[in-house]
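Only one structure is covered here, and it is reproduced in the block below.
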Amino acid sequence: MKSARTMRVLLASALAGTALMAVPAVHAVDAAAAEKLARQEGCLRCHGIDRAKDGPSYKELAAKLKAKPDPEGRVIKHLSSGVKVKFEDGHEEDHKIPKTKDADQIKNLAQWILSQ
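Sequence positions in the sequence shown follow mature numbering (1 follows the signal peptide of the UniProt record, and there is no 0) and run -28 to -1, 1 to 88.
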């Protein structure tokens, strides 16, 4: 007969395995689709992936937002709300809202931005 300690280890292992199976799969970023959408929507005219243009780079944004609660929600809200953005010369414009209404495309774009 197995010892009580061995039984506890086996039970803990079985429970951990069951818990891992219950965790939903993480949505993998489709980088090609996100970059294509960013190009189609004109995002890359103002934002570079790793260098600032009229707007901050996506690397800069990702680093800044990852330290805040719900970074993905923040990016999605920014993309879909048309908030005012201020430029270095002081003028303000409404941030362009992507034409796509596909929530999965917007979510993928947000995740791609945050993955930079």
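Glycine is no exception: its CB is placed at the ideal position from the N, C-alpha and C atoms.
Exercise. Does PRO28 get closer than 8 Å to chain D when you measure Cβ to Cβ?
Worked result: The structure shown has no chain D; it contains just one protein chain.
Exercise. Just reading off the alpha helix (DSSP H) that LYS49 is part of, what are its end residues?
Worked result: Where LYS49 is concerned, the enclosing alpha helix (DSSP H) stretches over 43 to 53.
Problem set entry | Endpoints, the alpha helix (DSSP H) within which ASP76 is located | Element bounds for ASP76: 75 to 86.
Problem set entry | Counted within 10 angstroms of its Cβ, other Cβ atoms place HIS19 as buried (16 or more) or exposed | It is buried - the Cβ of HIS19 has at least 16 other Cβ atoms within 10 Å.
Problem set entry | Cβ pair LEU9, LEU51 closer than 8 Å | Against a cut-off of 8 Å, the Cβ pair of LEU51 and LEU9 comes out as no contact.
Problem set entry | beta strand (DSSP E) segment containing LYS56, residue limits | Looking at the DSSP string, the run of the beta strand (DSSP E) that includes LYS56 is 56 to 58.
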